[in-house]
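Q: In our numbering, the protein residues as written are 27 to 341.
A virtual CB, placed ideally from N, CA and C, is assigned to each residue, including glycine.
This one's a predicted model, so the numbers in the text were calculated from it and none came from an experiment.
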Ligand SMILES: NC(=O)c1ccc[n+]([C@@H]2O[C@H](COP(=O)([O-])OP(=O)(O)OC[C@H]3O[C@@H](n4cnc5c(N)ncnc54)[C@H](O)[C@@H]3O)[C@@H](O)[C@H]2O)c1
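#1: Ligand 1 heavy atoms versus the CB of residue 182: any closer than 8 Å?
#2: Just to confirm my understanding: we take residue 147, look at its own chain, exclude 5 residues before and 5 after, and list those with CB closer than 6 Å. What are they?
#3: Terminal residues of the continuous alpha helix (DSSP H) containing residue 106?
#4: What are the uninterrupted segments assigned as beta strand (DSSP E) that are 3 or more residues long and contained completely in the segment 92-167, given in chain order?
#5: Out of 212, 127, 188, 288, which one is the CA nearest neighbour of residue 335?
#6: Taking 6 Å as the limit between beta carbons, can you name the residues of its chain near residue 312, skipping five residues before and five after?
#7: Could you give the residue range of the beta strand (DSSP E) that holds residue 59?
#8: In chain order, what residues of the same chain have a beta carbon less than 6 Å from the beta carbon of residue 86, not counting five sequence neighbours either side?
#9: Taking the runs of the beta strand (DSSP E) that are 3 residues or longer, which of them lie wholly in the segment 291-337?
#10: Where residue 61 and residue 165 are concerned, what is the direct C-alpha to C-alpha distance, given to the nearest angstrom?
#11: What residue range is occupied by the uninterrupted alpha helix (DSSP H) comprising residue 250?
#12: CB-CB under 7 Å to residue 259, same chain, minus the five flanking residues each way: which ones, in chain order?
#13: If I measure Cβ to Cβ from residue 232 and keep anything under 7 Å in the same chain, skipping five residues before and after, which residues do I get?
#14: Going by other Cβ atoms of all chains shown within 10 Å of its Cβ, with 16 needed for buried, is residue 182 buried or exposed?
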């Protein structure tokens, strides 16, 4: 059965989701774009002349099977709740909700409305993570993990802290990539361009003694997205912007050398759509579930608590 879909929110990312929603004509048909404001409605109508443009989800709810929620994060909860109550499959951009409490409510609601709810943690789709085995000497014994994601100010996502906007990707990766979950966090945050934190550094401790530092900023000079793992073997650097993996291996005796190679660049959004339809049609669990979304939102809450109270918070 071909799914009838809607994209909700036609902004920066919504326009890409609308494009991907038309990329699987055998499985799904993009029937509606739901956009609240005239500028977005006009842009949507121009780019998608065959799609109906409406200003509220209630105007198409009875004519869709699934929806992509790409509104600002502060609207996610009410829209996803509405969709679940109407038994619609949902793909929701990250973060699933603004608070842990809201995510828990959606988790409960999902139990009585057995549809697919997939969360948009798109950084999981880097091909580099499928090569973990090749680099197990780092992933299995990380003494220190550094995740850094900074960018110049773009004026987007200013309804939330940089933690919900950017750090969420790295919090999700930290849990997804490493076997250990952190036991505590100590964070500091700065409000520079908005009323929310624009720059945050969070230090995580693990039971084993390993440490991780995540730094995010949206007021910086250039765009950097990278993961670095250092241990007795040397250092591994995954450049998520350039799709490069560099390895600095310590040689005994002799100088250190660095090997750099590329990894396959993928269309993460397209893969998210493909997996979403696959779960719905084959009645399979989503690749990124409400539990994954909830874990990331819980970690966000703890990072923010630590930054606001200026204390170390136990996880
Ligand atoms: N996965 C990623 O890498 C990634 C990247 C960017 C953004 N995001 C997420 O995507 C979401 C949207 O971000 P964005 O940068 O596209 O925001 P944006 O502000 O550019 O776009 C949001 C759009 O939603 C519309 N909107 C607001 N409320 C609405 C409602 N109730 N019904 C219909 N439309 C409504 C706005 O008018 C706007 O056009 C955020 O949750 C963000 O965290 C994820």
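A: Judging by the given coordinates:
#1: yes
#2: 120, 198, 314
#3: 102-111 is the span of the alpha helix (DSSP H), which, as asked, contains residue 106.
#4: Within the segment 92-167, the complete beta strand (DSSP E) runs of at least 3 residues are 92-95, 115-119, 143-146.
#5: Residue 212 is the option with its Cα nearest to residue 335.
#6: Close CB contacts of residue 312 within its chain, under the 6 Å cut and outside five residues either way in sequence, are with 142, 144, 305 (chain order).
#7: Note, residue 59: beta strand (DSSP E), 54-60.
#8: 32, 58, 80
#9: Runs of the beta strand (DSSP E) lying entirely within the segment 291-337, each at least 3 residues long, are absent.
#10: 42 Å
#11: Element bounds for residue 250: not the alpha helix (DSSP H) but the beta strand (DSSP E), 250-257.
#12: For residue 259, where only same-chain residues beyond five positions count, the Cβ hits under 7 Å are 163, 164, 275, 276.
#13: 206, 208, 209
#14: It is exposed - the Cβ of residue 182 has fewer than 16 other Cβ atoms within 10 Å.
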